[in-house]
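For the sequence shown, UniProt numbering assigns the number 1 to the initial residue and increments by one for each residue that follows.
Ideal Cβ placement from N, Cα and C applies to all residues, glycine included.
One structure is given below, encoded as C-alpha cells.
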Amino acid sequence: MYLHQDSCPINAMKEMQFCAAQGRDHRPCCLRNGITTTIAGAKCLTFCDQRPGQITHLDTSFLPCFDRFENMKSCFWHDIIRYFRRF
Numbered sequence: 001m002y003l004h005q006d007s008c009p010i011n012a013m014k015e016m017q018f019c020a021a022q023g024r025d026h027r028p029c030c031l032r033n034g035i036t037t038t039i040a041g042a043k044c045l046t047f048c049d050q051r052p053g054q055i056t057h058l059d060t061s062f063l064p065c066f067d068r069f070e071n072m073k074s075c076f077w078h079d080i081i082r083y084f085r086r087f
C-alpha cells in the first residue's frame with residue numbers, strides 16, 4: 001500500500017481505518033497500549049483518532065505505525081464491545 005507493491009491504493013487506508021475505529025477517538029486507549037512507542041512516535045495516534053474531519057495525508061513516515069496495528073485494533077474491539085453491552 002505505502003510502497004505501491006500491491007493493488008490496494010494508499011487512499012483506501014483512511015476509509016478502512018475510519019470504519020474499524022467507528023469514527024471515534026481512541027487515543028487514550030492507544031496511549032495505554034503503547035501505540036507511540038515506534039520511531040514514528042505520536043504520529044501513530046492519527047490512526048486512533050478517526051473522528052469525522054480528522055484528515056491526515058499519509059506518507060512513508062507512518063510505516064512504523066503498522067507494527068502497532070494489533071494494539072490499535074484491540075482498542076477498537078474493546079470499545080465496540082463496551083458499546084453493545086449497554087443494550
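Residue i to residue j span [Cα, whole Å]
i     : j     : result
Gln22 : Arg85 : 16 angstroms
Tyr83 : Cys75 : 12 angstroms
Ile80 : Ala20 : 10 angstroms
Thr56 : Ala42 : 13 angstroms
Phe69 : Gly53 : 22 angstroms
Given residue i as reference, the closest of the options once Cα atoms are compared
i     : options                    : result
Asp67 : Phe18, Ala12, Cys44        : Cys44
Ile39 : Gly53, Lys73, Ser61        : Ser61
Met13 : Asn33, Cys65, Arg32, Thr37 : Cys65
Counted within 10 angstroms of its Cβ, other Cβ atoms place residue i as buried (16 or more) or exposed
i     : result
Ile35 : buried
Met16 : exposed
Review point. Are the stretch 46–53 and the stretch 21–38 in contact at 8 angstroms, needing three or more beta carbon pairs?
Key: yes
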